[in-house]
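Accompanying notes for the structure given below.
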Amino acid sequence: MKRISLLLVNTITLIFALIMNSLQGSQLFSGTTVGEVSAKYETLFTPAGYAFAIWGIIYLMLIAFVAYQWFAWFNRKEDREFKQAGWWFALGNMANGFWIVAWLNEQMGLSVLLILVLLLSLIMLTIRLRLEIWVASVRKIAFVWWPICIYLGWIIVATVANISVFLVSTGWQGGFISAEVWAIIMIVAATLIYLFLIKTRNMREAAVVGIWALIAIAMKQWQINQEIVIAALAASAILFIAISIHGFKNRKTSPFEKLKRGEI
């Protein structure tokens, strides 16, 4: 595959995802937004509405991710990693765009399949781009590692939330386990995933996004369900401690320390 072909596909599919996101709330989808559909199928794992603002940051970072690829191409810099990433970024963009269509049309089963494809795409990008397991330049950390890492951090919790919404939409009542217990199980599961990423991939940024989501879940339930509030805040505290300890132990490879040393 020619590098320019991959660059074009990555760019076009990202534009597609951005366009589909911008169309939510338009007459094409009866004026409905992602947040409004989420509110219609509320679960105890649903975060407060402000949490979805992170999509703006994610999309800006994805634009920077693609811009970095074009910068390298125009400057004739060889970057094998992007070729190794293959079509996974483009596949993730397509899944993202079509997920918005499925979600706004309340096709919850299809939305679960699409977000799982998006999650798989980000996992494959993490593996193929060898994120956070070697000493990279500040540029590569900022424009390659962080966009995918933060994106993955959000999609992890979004996948869990999406599955819970799908179950609610089918009328599932949780069987012999209460909704509160299921929500706490999901909080614990998400927390363990973030701890795994910190331990095995040094992906503290993904865990920071996890804290953002968990605090938003606590805020949503603040005056409704104290068990969920306590569980979400406790999980956030555990992640914060884990991030702090890991960051301190690996402070010499921090991009901020590299900038102090004049390394770019």
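Mapping to this note's numbering: the sequence shown position 255 is 531, numbers consecutive.
Each residue gets a CB set at the ideal place from its N, CA and C atoms; glycine is no exception.
For residue j and residue i, the rounded distance between their alpha carbons
i      : j      : result
Trp346 : Arg480 : 27 Å
Met462 : Ser530 : 31 Å
Ala327 : Tyr427 : 13 Å
Val310 : Trp379 : 7 Å
Gln449 : Ser397 : 31 Å
Leu283 : Leu338 : 13 Å
Leu405 : Ile280 : 18 Å
Glu410 : Ala459 : What sits at residue 410 in the sequence shown is Trp, not Glu. Taking the straight line joining both Cα atoms gives about 36 Å.
Ile334 : Pro423 : 7 Å
Ala508 : Ile493 : 7 Å
Gln383 : Val393 : 16 Å
Ile491 : Arg352 : 44 Å
Thr287 : Ala348 : 14 Å
Met296 : Asn381 : 13 Å
Val464 : Val457 : 10 Å
Ile521 : Leu395 : 27 Å
Ala413 : Arg477 : The sequence shown places Ser at residue 413, rather than the Ala named in the question. One C-alpha to the other measures close to 17 Å.
Glu408 : Ile487 : 19 Å
Lys525 : Ala510 : 23 Å
Leu386 : Glu312 : 18 Å
Gly332 : Gly451 : 37 Å
Leu336 : Arg415 : 16 Å
Phe350 : Ile399 : 28 Å
Ile403 : Ile500 : 40 Å
Lys278 : Pro323 : 42 Å
Close beta carbons around residue i, own chain, < 8 Å, minus the five adjacent residues each side
i      : result
Leu299 : Phe305 and Ile376
Trp498 : Val505
Val285 : Trp363 and Ala366
Gly301 : Gly307, Thr308 and Thr309
Gly523 : Arg480 and Ser530
Identity of the residue in the options nearest residue i by Cα
i      : options                           : result
Leu320 : Trp488, Leu509, Ala437 and Val484 : Ala437
Ala361 : Arg477, Leu401 and Met296         : Leu401
Val444 : Ser314, Ile291 and Ser413         : Ser314
Phe358 : Asn369, Met370 and Phe341         : Phe341
Ala418 : Tyr344, Leu389 and Phe350         : Tyr344
Thr446 : Ile288, Val388, Ile519 and Ala366 : Val388
Ala466 : Ile432, Ser454, Lys475 and Phe442 : Ile432
Glu503 : Thr287, Glu312, Lys525 and Ser454 : Ser454
Gly325 : Gly373, Lys496 and Gly451         : Lys496
Gly489 : Val420, Lys528 and Ile330         : According to the sequence as given, residue 489 is Ala; it is not Gly. Among Val420, Lys528 and Ile330, the Cα nearest to that of Ala489 is on Ile330.
Trp421 : Phe374, Ala371 and Ala482         : Ala482
Beta-carbon contacts of residue i that lie in its chain and below 7 Å, excluding the five residues immediately before and after
i      : result
Ala434 : Ile391
Asn369 : Thr289, Leu290, Phe292 and Ala293
Gly373 : Phe292, Ala293 and Met296
Range of the contiguous alpha helix (DSSP H) that encloses residue i
i      : result
Arg477 : Ala455 to Arg477
Trp379 : Trp364 to Leu380
Trp331 : Ile330 to Phe350
Trp410 : Note, Trp410: premise wrong, no alpha helix (DSSP H); not H, not E.
Tyr317 : Neither: Tyr317 is in no alpha helix (DSSP H) and is coded neither H nor E.
Trp488 : Arg480 to Lys496
Gly429 : Trp422 to Ser445
Leu390 : Met384 to Arg404
Lys525 : Gln502 to Lys525
Leu284 : Arg279 to Leu299
Same chain, Cβ closer than 6 Å to residue i, five either side skipped, listed in chain order
i      : result
Ser440 : Thr319 and Phe321
Val485 : Ile426, Gly429 and Trp430
Ile519 : Arg480 and Ala483
Ala371 : Leu390, Val393 and Leu394
Tyr317 : Val441, Val444 and Ser445
Met475 : In the sequence as displayed, the identity of residue 475 is Lys instead of Met. Contacts found: none.
beta-carbon residue i near the ligand FAD non-hydrogen atom, thresh 7 Å
i      : result
Gln345 : The ligand FAD is not part of the structure shown, which contains no ligands of any sort.
**Study point:** Cβ contact check for the region 455-472 and the region 507-522: 3 or more pairs under 8 Å
**Key:** Verdict: yes, contact present.
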